[in-house]
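Novice: Input: one structure, supplied below.
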Amino acid sequence: MFERLATEAPLFFNIHNLVFIGQAMGRTLGMTLIGCGVGFVFGLLIAVLRQTTGRLLLPLRFVAIAYVEFFRRIPFLVILFIVLFVIEPLMPGTSLFGIATVAVCLLSTAFLSEIIRSGLESVPRAQVEAATILNFNTLQTLTMVVLPQSWRVILPPATAFVVMFIKDTSLASQLGVIELTFAGKILVNRGFSPVLGFGTILVCYFALSYPLSRFAAYLEKRLAAS
Amino acid sequence: MQHLEIDNVCASYGKLEVLRDVTLSADKGEVVSLIGPSGSGKSTLLRVLIGLTPLTAGSIHVGGERVDYSNRKNLKKLRGHMAIVFQQYNLFQNMNVLRNVTIAPVKIKKQPRADAENKARELLEKVGMQEKAEAYPDELSGGQQQRVAIARALATNPEILLFDEVTSALDPERVKEVLDTIRSLTDEGITMMIVSHEMAFVREVSTRVAMMDEGRIIEVGPPAQIFEEPQQDRTRDFVSKILSH
Ligand SMILES: Nc1ncnc2c1ncn2[C@@H]1O[C@H](COP(=O)(O)OP(=O)(O)OP(=O)(O)O)[C@@H](O)[C@H]1O
Ligand SMILES: [Mg+2]
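Next comes the structure, spelled out in structure tokens:
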């Protein structure tokens, strides 16, 4: 087997394949980071919305809760196809990558909003009251008091979620997005040995997720220190 | 005209009536203390005053003007004149001491940072915490945190200052330093309402003392009356019990 690998390796690692794998890696990373980044922003909005108590926002709160409960309960693959069938007729010509990214946004918004919400709730009510009596408005209380104290509760599960999602984006291959897993399959179909093809893909996944985990650990440490 | 006037105020938590027709007033610069058994509604009264707990009936006037607690602007104005210090200090855990004291003046009252910091250092010196300006709350003892909380409350130049059992969470040897700090404020013309179980302190600093029981104020009078010749049996019981501790 090693002999076969040794003879195949120079052929496999040609510039053409490397670019191909690099692009696939970019798509995997892109779907995850753009999807989870947008999901984080909307998740934050939903989490904050759910903290409000005013009657005016009640319908919005209801929609937010329904959204979160719904999207946390359906498989990612199903969301992918729903998005595909909704977007295709509405905006023909949207790339498969774009469609998959939207699906990631939808799902990560739901999960990240729950993670952020429990972070916000970890800050004692008394901290909010102390801000209130000093005439902080809601936004100031959130940005100056609550959020700075909740990062250390939010970040570990949030990054764990993103790292996990790097793997889950492989489901987008079912749609035809040439991300890492699909790229591996294509290379193997071109006749390269599965050990080489998927072995390389495996190393790529690791190369994506390990630095992210390290970065999260670093952030966590820094936030805990301050 | 009284500086602070509380008229027939009621408040409840759900079905539980916690304040029943509370009427009490404080002249400018007066120090009025609230005493009474646990659960009698002392904290609730202070929370109602600063708008953290809604009143269900009655009215509150500050400087002769009725406070409309449902009006955001009105509430903001009220909190510009009134400050409260809690039993649990509630310093912002993500800010150091100096920032805790300057954040409201700088971010809310839009004072220049340099002015706010000078004032903050003065206040920290007054409460004996100038050396710890860069420390974070979790690096301080309870008594030190409480003195910073007092400095933070003073930084907004309150005319009315509320203290809710500010020494109850402290070790006995820390109690004195906090009480000394409050004592040093009593001749600055700030109207104060103090909830405390430190009877010797209450007796010394108060102009008047109000005894609360089951959501009512059952007796108000100068400290000499409350502690020596209370008119109500309930007051006599409470005072003698707590003094014999
Ligand atoms: N957030 C709350 N929800 C429901 N009930 C409450 C709440 N806070 C206080 N209470 C109840 O209201 C009543 C009055 O409480 P309050 O804290 O005002 O008493 P207190 O006189 O300050 O007592 P203590 O000396 O123990 O601090 C008590 O029966 C208490 O159980
Ligand atoms: Mg109390």
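As given, the protein sequences belong to chains L and V, one line each in that order. Note that our numbering has the first sequence beginning at 1180, numbered continuously upward. Note that our numbering has the second sequence beginning at 17, numbered continuously upward. We put the beta carbon where it would ideally sit given N, CA and C, even for glycine.
1) Taking only beta-carbon atoms, is glutamine 1230 of chain L less than 7 angstroms away from chain V?
2) Taking only runs that begin and end inside the stretch 1224 to 1256 of chain L, name each unbroken alpha helix (DSSP H) of 4 or more residues, in chain order.
3) Give every residue of the same chain whose Cβ lies closer than 8 angstroms to the Cβ of histidine 97 of chain V, excluding the five residues on either side of it in the sequence, and list them in chain order.
4) What is the rounded straight-line gap between the Cα of leucine 1228 of chain L and the Cα of phenylalanine 1290 of chain L?
5) Tell whether a beta-carbon distance below 7 angstroms holds between alanine 120 of chain V and threonine 172 of chain V.
6) Is any heavy atom of ligand 1 found at a distance shorter than 6 angstroms from the C-beta of threonine 1232 of chain L?
7) For threonine 202 of chain V, I'd like the list of residues in its chain whose CB is within less than 6 angstroms of its CB, leaving aside the five on either flank, ordered along the chain.
8) Consult DSSP for threonine 1320 of chain L and reduce its assignment to one of helix, strand or coil.
9) Check whether the Cβ atoms of leucine 1286 of chain L and phenylalanine 1249 of chain L lie closer than 7 angstroms to each other.
10) What does a CB cutoff of less than 6 angstroms around valine 10 of chain V pick up in its chain, not counting 5 residues either side in sequence?
11) Secondary structure at aspartate 23 of chain V, three-state DSSP: helix, strand or coil?
12) For ligand 1, which residues count as neighbours when the test is a C-beta closer than 5 angstroms to any heavy atom?
13) For proline 1327 of chain L, go through chain V and note every residue whose CB falls closer than 7 angstroms to its CB, in chain order.
14) Between the alpha carbons of tyrosine 1246 of chain L and alanine 1226 of chain L, how many angstroms are there, rounded?
15) Flag isoleucine 166 of chain V as yes if its beta-carbon sits less than 7 angstroms from any beta-carbon of chain L, otherwise no.
16) Over the uninterrupted beta strand (DSSP E) stretch that includes methionine 227 of chain V, give me the two end residues.
17) Tell me the DSSP bridge mates of serine 122 of chain V?
18) How many Å lie between isoleucine 234 of chain V and aspartate 37 of chain V at the Cα?
19) Please classify aspartate 154 of chain V: is it buried, with 16 or more other beta-carbons within 10 angstroms of its beta-carbon, or exposed?
20) With a 10 Å radius around its C-beta and 16 neighbouring C-beta atoms as the bar for buried, classify isoleucine 1194 of chain L as buried or exposed.
21) Kindly indicate the opening and closing residues of the alpha helix (DSSP H) around phenylalanine 1344 of chain L.
22) Ends of the alpha helix (DSSP H) at valine 83 of chain V?
Specialist: Taking the structure as given:
1) Chain V contact via Cβ: absent.
2) Correct list: 1237 to 1250.
3) Closer than 8 angstroms at Cβ, skipping near neighbours: Val78, Gly79, Pro174, Glu175, Ile176.
4) Using only the alpha carbons, I get a separation of about 15 angstroms.
5) Yes, the pair counts as a contact, with Cβ atoms nearer than the cut-off.
6) Outside the cutoff, so no.
7) Close CB contacts of threonine 202 of chain V within its chain, under the 6 angstroms cut and outside five residues either way in sequence, are with Val47, Val221 (chain order).
8) The answer is helix: DSSP assigns threonine 1320 of chain L an H, G or I state.
9) Going by C-beta atoms, leucine 1286 of chain L is not nearer than 7 angstroms to phenylalanine 1249 of chain L.
10) Chain V is shown only over 17 to 261; residue 10 of chain V falls outside these bounds and no answer can be derived.
11) Note: aspartate 23 of chain V maps to strand in three-state DSSP.
12) That query returns the following residues: V:Tyr29, V:Val34, V:Ser54, V:Gly55, V:Ser56, V:Gly57, V:Lys58, V:Ser59, V:Thr60.
13) By Cβ distance, chain V contributes Asn110.
14) Rounded to whole angstroms, tyrosine 1246 of chain L to alanine 1226 of chain L spans 12 angstroms at the Cα level.
15) Taking Cβ atoms only, chain L never reaches closer than 7 angstroms to isoleucine 166 of chain V, which makes this a no.
16) First-last of the beta strand (DSSP E) with methionine 227 of chain V: 224 to 229.
17) For the record, residue 122 of chain V in the displayed sequence is valine; it is not serine. The partner list for valine 122 of chain V (beta bridge, DSSP) is empty, contrary to what the question assumes.
18) C-alpha separation (whole angstroms): 11 angstroms.
19) The C-beta of aspartate 154 of chain V has fewer than 16 other C-beta atoms within 10 Å across all chains shown, which makes the residue exposed.
20) It counts as exposed.
21) 1326 to 1347 is the extent of the alpha helix (DSSP H) around phenylalanine 1344 of chain L.
22) Element bounds for valine 83 of chain V: n/a, residue is neither H nor E.
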